[in-house]
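Numbered by my numbering, the letters in the sequence shown go through residues 22 to 218 in order.
Yeah, the Cβ is synthetic: ideal placement off N, Cα and C, and Gly gets one too.
Predicted, not measured: the structure shown is a model, and the values here were computed from it.
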Amino acid sequence: MAKTAVPRGWSIVPVTPERWDDLAALFGERGACGGCWCMAWRLPSSEFRAGKGSKNRRALKKLVDARQAPGILGYLGDEPVAWCAVAPRASYSFLARSRVLAPVDESEVWSVTCLFIRKEQRRRGLSAKMLRAAAVFAAQRGARIVEGYPTVPYSANAPGAFLWTGTEAAFRKAGYREAARRSPSRPIMRRAVRPEA
């Protein structure tokens, strides 16, 4: 099935306190997926599991309220339809515990850890657009390398809920290249950027 072109009226901005309500509306009552609120990789496993729902929501809001801009929000007109989490790798405790996603080298990197696209807007090329914007966002904050950890789906019909770290195809389309692969299903994709900060 051919992908539809990215729709007109599309814009991407950092998440700020003024945009919290839009992010919360996009995530909905389930907090994107099972009460995650995009905290799965930021918190120790036990703390994340205990906080599913309202505690994780408050943890993400605290980051936003502190103007840490933990990611970017994509809009179609005035409607929030896409989210991408991107921050310095050190922000994500999960990465410090992962052998498969251990650092490739000594370079300081920013990490893309989550892509959430509203269901009716999926398979339209928006993930790649968000990944390109994530690279720009990170470069504006001094990054030189942006990396992500896509999932290689087990089938062409894998549910979107299992692809929240993105797909290899979307990363490649957005200009990222494979830097390491310690597991067949989890490459580390990188894109060099020119820091602007």
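Complete runs of the beta strand (DSSP E) confined to the region 44-126 [at least 3 residues]: The beta strand (DSSP E) runs lying completely inside the region 44-126 and spanning 3 residues or more are 92-97, 100-109, given in chain order.
Round the Cβ separation of Thr188 and Pro174 to the nearest angstrom and send it over; I've been treating them as touching at under 8 angstroms. Confirmed, about 7 angstroms.
Could you tell me whether the region 71-83 touches the region 120-130, where touching means 3 or more Cβ pairs closer than 8 angstroms? Contact check between the region 71-83 and the region 120-130: fewer than three CB pairs, one atom from each, fall below 8 angstroms, which does not count as touching.
Can you tell me the Cα-Cα spacing of Ala111 and Leu64, whole angstroms? About 12 angstroms.
Identify whether Ser132 lies in helix, strand or coil by the three-state DSSP scheme. It is a strand residue.
Beta-bridge partners of Val173, as assigned by DSSP: Val173 is not bridged to any residue.
Might you give, ordered along the chain, the residues of its own chain that have their beta carbon closer than 8 angstroms to the beta carbon of Pro89, omitting 5 neighbours on each side? It should be noted that the sequence gives Gln, not Pro, for residue 89. Within the same chain, Gln89 has close Cβ partners Ala108.
Roughly how many whole angstroms lie between the Cα atoms of Trp41 and Ser114? Approximately 23 angstroms between the Cα atoms of the pair.
Taking the C-alpha atoms as reference points, what is the distance between Val85 and Ala46? C-alpha of Val85 to C-alpha of Ala46: approximately 15 angstroms in a straight line.
DSSP three-state call for Met22: helix, strand or coil? Because Met22 sits at a pLDDT of 30, beneath the cut-off of 50, its placement in the model cannot be relied upon, and the following sentence gives the value as read from the coordinates. If DSSP states are grouped into helix, strand and coil, Met22 belongs with coil.
Less than 7 angstroms between the C-beta atoms of Gly169 and Phe137, yes or no? At a Cβ-Cβ threshold of 7 angstroms, Gly169 and Phe137 do not count as neighbours.
For Gly52, is the classification buried or exposed, using 16 other Cβ atoms within 10 angstroms of its Cβ as the cut-off for buried? With a 10 Å radius around the Cβ and a threshold of 16 neighbouring Cβ atoms, Gly52 comes out buried.
Would you give the residue range spanned by the alpha helix (DSSP H) that Ala200 belongs to? Per DSSP, Ala200 belongs to no alpha helix (DSSP H); it is in the beta strand (DSSP E), 198-202.
Taking its Cβ as the centre, do 16 or more other Cβ atoms sit within 10 Å of Lys150, making it buried, or is it exposed? Buried is the call here.
Of the choices Arg165, Val102, Glu199, whose alpha-carbon is the least far from that of Val130? Selected option, being the one with the closest Cα: Arg165.
Comparing C-alpha positions only, which one of Ser148, Glu39, Val157, Leu81 sits nearest to Val102? Ranked by Cα distance from Val102, the first of Ser148, Glu39, Val157, Leu81 is Ser148.
In chain order, which continuous runs of the alpha helix (DSSP H) of length 4 or greater are located wholly inside the region 137-164? Within the region 137-164, the runs of alpha helix (DSSP H) that reach at least 4 residues and sit entirely inside it are, in chain order, 147-160.
Proximal residues to Val34 (C-beta, below 8 angstroms), its chain only, five neighbours per side dropped: Counting only Cβ-Cβ distances below 8 angstroms, and skipping sequence neighbours, we find Arg40, Ile93, Leu94, Tyr96.
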